[in-house]
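A short write-up of the structure that comes next.
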Amino acid sequence: MTQHAAILPLLIPFLAALLQLAAKGYGIAVQRAIGLVGASLAVAAALWLVLLADDGMVRVYALGDWVAPFGIVLAVDRLAAIMVLLTASLAAGALLYASAGFDQRGRHFHPLFQLQVFGLQGAFLTGDLFNLFVFFEVMLLASYVLLAHGGGLARTRAGLAYVVLNLAGSALFLIALGMLYGTLGTLNLADVALRLQAPEIDVAPARLACMLLIAVFALKAALLPLSFWLPHAYAAAGAPVAALFVIMTKVGIVSILRVQAIAFAPAAATADLLDGWLLPLALATVLFAAIGALAAMRLRDLTAWLVLASAGTLLVVPVFPQADVSAAALYYLVQSTFVAAALFLIAELVAVRRGDVADAFLPGPRLHTPWLGLAFLLAAASAVGLPPFAGFLGKLMLLSALRDSGSAIAIWSVFLFAGLLLMLALAKGGGRLFWERSPKHPHGNTHPFCWRRSLAVALLVSPALLLALFARPVSDYAARAAAQLHDPQTYVAGVLGGHAIERETRP
Amino acid sequence: MEAIIAIAIGLLTACGVFLLLRARTFPLILGLTLLSYAVNLFLFASGRLRMDAPPLIRDGASYTDPLPQALVLTAIVIGFGMTAYLVMLALRALSESGDDHVDAKEKP
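Protein chains in written order, with the working numbering: chain A, 471 to 977; chain B, 6 to 113.
Below, the structure is given as structure tokens:
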């Protein structure tokens, strides 16, 4: 049974999607039940995978029992297990929220949601670059439809730009894969790592292919010159969809981290691929996001800029090959994902209670929900990194891990200054939303309490506290995951089984 | 043959990128289609160009690399699905705003 643990996080959402499609005629309640049961099972399976992966072995699941590098394999190490658990928990929270009524604003919400989770989990688990492309497309195709879910011209327009940009990105991804296959003759990540170290490869096209691959991942992760799509698309999406989308920038970041640590950094031909350009661009992304947050007029816009800020912060990490930097980044990644998702949900809950001013930072009717204000305070404090919440610990660990690097002054000043700007933006916005009343609305609207929405927000906000309370076990696990990530020999040996493959040389 | 394939890929890419930078949805979709043709040809060529060689390995016979053909097939199917969705989205934007400009405003 344990040997099939790796496929469970993929099978559960996929089967749930199929069942939901088959159960379409039985009404939304059946689809919701299947979705929520599937999401809970997926969390349990992911938790099991996290515990299993902690023995330090790279678990390889050969699909169809074709061994690597000839067949497609799933490779589970601690990093993949963490990301699978994060995705499953986030999806469970977002689905619970969506089940309170958002899923009825369009058709086929539930199967698409499960298929997007399927694509996300596959992207984290796969050990093959072409299979990564396929899972990216599964994830993106579902996200295109989910983004437009709910209707309205704003969503259609944002969707159009998002689809066109990502299709161009997919074309670039395929060109990179074609060049990689043309020069190295393989697309399995572990085999690519081995082949890059071979002396007889053609260095220039191999470097170009690797660079194109990084560029595609940077587009998904929203690195600065490629990040203008993000605030627009995320702010236009419906709240639970935006909450799930938060993990999509993380797919790009984890992909960069993984290909860099396992394949590019150990090979002499590609070791200096990220040097000199990624750090300034990542820092510029953080500053850009902080300025954008100051200019945001609505809470959902502000949250989209927060997602961009955390993406920029995390994109600093692949430049540094030390395990302690990656460990701090993993802890930061987990908490920032939950917090941003929670803020998207809070933004919608605030918007429906404030009538026509919605979540714009304008004086409006009084909110009769102190728990909403408390949830906002918690999420916002963790998002900007105020003690004693998890965001503070994550930022502290990241800053102290980067203290000895040559560019520590630049990184520290940008992170701290951007943190200050984000705090100003959130304090200003929160004050307007929760405290300022307009004379036009003396009494304010009351809105029925909905346990599903409130529970979803509570579930997504609680990691800000829980990750701070249990910081030691979580950061220890992250440290072990980072140590495993920066030990590419074990990964390669685990996937390929230690036997080298003979090749005939091609013309 | 290499020169012809290379020129064809380059020309298709150039036309695709040019159309992609237009501000109306119809040329945009045409541009993406041309770009995906270019990419498929490129993927196909990544297994080296060989004449009169089947993608089957037999003793002594000359063969061509079958993997890029499988990759192209996957890429074609995915690209086709994406283009179909994009066409629907463009039609929806047209019917909602009455304009096929990518930055169209709400119908007055």
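The beta carbon of each residue, even a glycine, is placed where N, CA and C say it ideally should be.
#### Entry: Rounded straight-line distance, which links the Cα of F594 of chain A to that of A512 of chain A
Here residue 512 of chain A refers to the residue found at position 42 when the first sequence is read from its first residue. Here residue 594 of chain A refers to the residue found at position 124 when the first sequence is read from its first residue. In a straight line, the C-alpha of A512 of chain A is about 14 Å away from that of F594 of chain A.
### Query
Is the beta carbon of F49 of chain B less than 8 Å from the beta carbon of P71 of chain B?
Taking the first residue of the second sequence as position 1, residue 49 of chain B is located at position 44. Taking the first residue of the second sequence as position 1, residue 71 of chain B is located at position 66. It is not a contact, given that the beta carbons lie outside the stated cut-off.
### Query
Are at least three pairs of beta-carbons, each pair with one atom in the region 805–821 of chain A and one in the region 925–934 of chain A, less than 8 Å apart?
yes
### Query
Where do the ends of the beta strand (DSSP E) carrying A532 of chain A lie?
Taking the first sequence and counting its residues from 1, one reaches residue 532 of chain A at position 62. Counting along the chain, the beta strand (DSSP E) containing A532 of chain A begins and ends at 529–532.
### Query
Taking the alpha-carbon positions, what's the A731 of chain A to A660 of chain A distance?
Locating residue 731 of chain A in the first sequence gives position 261, counting from the first residue. Locating residue 660 of chain A in the first sequence gives position 190, counting from the first residue. One C-alpha to the other measures close to 11 Å.
### Task
Kindly indicate which residue of A:G505, A:F605, A:P695, A:D598 has the alpha-carbon position closest to the one of Y961 of chain A.
Residue mapping note: residue 961 of chain A aligns to position 491 of the first sequence, counting from 1. The candidate whose alpha carbon is nearest that of Y961 of chain A is A:D598.
#### Entry: Whole-number beta carbon distance between T755 of chain A and L560 of chain A, since they are thought to touch under 8 Å
Taking the first sequence and counting its residues from 1, the one referred to as residue 560 of chain A is at position 90. Taking the first sequence and counting its residues from 1, the one referred to as residue 755 of chain A is at position 285. Actually they are not in contact, since the Cβ atoms of L560 of chain A and T755 of chain A sit about 22 Å apart, beyond 8 Å.
### Message
Please report the straight-line C-alpha distance between I552 of chain A and V520 of chain A, rounded to a whole angstrom.
### Response
As a working note, residue 552 of chain A is residue 82 in the first sequence. As a working note, residue 520 of chain A is residue 50 in the first sequence. Distance between the alpha carbons of I552 of chain A and V520 of chain A is about 6 Å.
### Query
Can you find a CB in chain A that lies within less than 8 Å of the CB of A13 of chain B?
Here residue 13 of chain B refers to the residue found at position 8 of the second sequence. Closer than 8 Å: no.
### Task
Using a Cβ cut-off of 8 Å (strictly closer), state whether G855 of chain A contacts chain B.
In the first sequence, residue 855 of chain A corresponds to position 385, counting from 1. Cβ-Cβ to chain B under 8 Å: no for G855 of chain A.
### Query
Alpha carbon to alpha carbon, how far is L556 of chain A from L522 of chain A?
What you label residue 556 of chain A is simply residue 86 of the first sequence in a count that begins at 1. What you label residue 522 of chain A is simply residue 52 of the first sequence in a count that begins at 1. Cα to Cα, L556 of chain A sits roughly 16 Å from L522 of chain A.
### Task
Mind checking the region 75–98 of chain B against chain A and listing, in chain order, the residues whose C-beta falls within less than 7 Å of any C-beta there?
L76, T79, A80, I83, G86, M87, Y90, L91, L94, A95, R97, A98
### Amino acids of chain A, ordered along the chain, whose beta-carbon sits closer than 7 Å to that of E7 of chain B
Numbered from 1 along the second sequence, position 2 holds the residue referred to as residue 7 of chain B. Under the 7 Å cutoff, chain A gives no residues; its nearest Cβ is about 11 Å from E7 of chain B.
### Query
Of all Cβ atoms in chain B, is any one closer than 8 Å to the Cβ of G648 of chain A?
To locate residue 648 of chain A, count along the first sequence from 1; it is residue 178. Judged by the 8 Å Cβ criterion, G648 of chain A is in contact with chain B.
### Query
Which two residues bound the contiguous beta strand (DSSP E) that contains V543 of chain A?
For this step, residue 543 of chain A is matched to residue 73 along the first sequence. Run containing V543 of chain A: 543–546, per the beta strand (DSSP E) assignment.
### Message
Can you find the residues in the same chain that come closer than 6 Å, C-beta to C-beta, to V804 of chain A, ignoring five residues on each side of it along the sequence?
### Response
If you number the first sequence from 1, residue 804 of chain A lands on position 334. L556.
### Message
Do L637 of chain A and T596 of chain A have their beta-carbon atoms positioned less than 8 Å apart in this structure?
### Response
One-based indexing of the first sequence puts residue 596 of chain A at position 126. One-based indexing of the first sequence puts residue 637 of chain A at position 167. Not a contact, by the Cβ cut-off of 8 Å.
#### Entry: Residue-chain proximity (F31 of chain B, chain A), Cβ-Cβ < 8 Å
Locating residue 31 of chain B in the second sequence gives position 26, counting from the first residue. It does not: the Cβ of F31 of chain B has no partner Cβ on chain A nearer than 8 Å.
### Task
Would you verify that the beta carbon of S67 of chain B is, or is not, closer than 8 Å to some beta carbon of chain A?
For the purposes of this step, residue 67 of chain B is identified with residue 62 of the second sequence, where counting begins at 1. No, its Cβ sits nowhere closer than 8 Å to a Cβ of chain A.
### Query
Along the region 680–705 of chain A, what residues have a CB closer than 7 Å to any CB found in chain B?
none
### Query
Are the region 718–731 of chain A and the region 786–801 of chain A in contact at 8 Å, needing three or more beta carbon pairs?
yes
### Query
Ordered along the chain, which non-local residues of its own chain (more than five positions away) have a Cβ less than 7 Å from that of G508 of chain A?
As a first step, residue 508 of chain A must be located in the first sequence, where it is residue number 38. If we look at G508 of chain A and ignore the five residues flanking it on each side, its Cβ neighbours are I482, P483, A486, Q584.
### Task
Taking 8 Å as the cut-off, decide whether the C-beta atoms of L1004 of chain A and A849 of chain A are in contact.
No information on residue 1004 of chain A is available, as it lies outside the stretch 471 to 977 that chain A covers here.
### Span separating the alpha-carbon of R625 of chain A from that of D104 of chain B
Sequence index remark: in the first sequence, residue 625 of chain A carries index 155 (1-based). Sequence index remark: in the second sequence, residue 104 of chain B carries index 99 (1-based). Using only the alpha carbons, I get a separation of about 16 Å.
### Query
What's the call for K910 of chain A, buried or exposed, on a 16-neighbour Cβ count within 10 Å?
Looking up residue 910 of chain A in the first sequence gives position 440. Answer is exposed; the Cβ neighbour count stays below 16.
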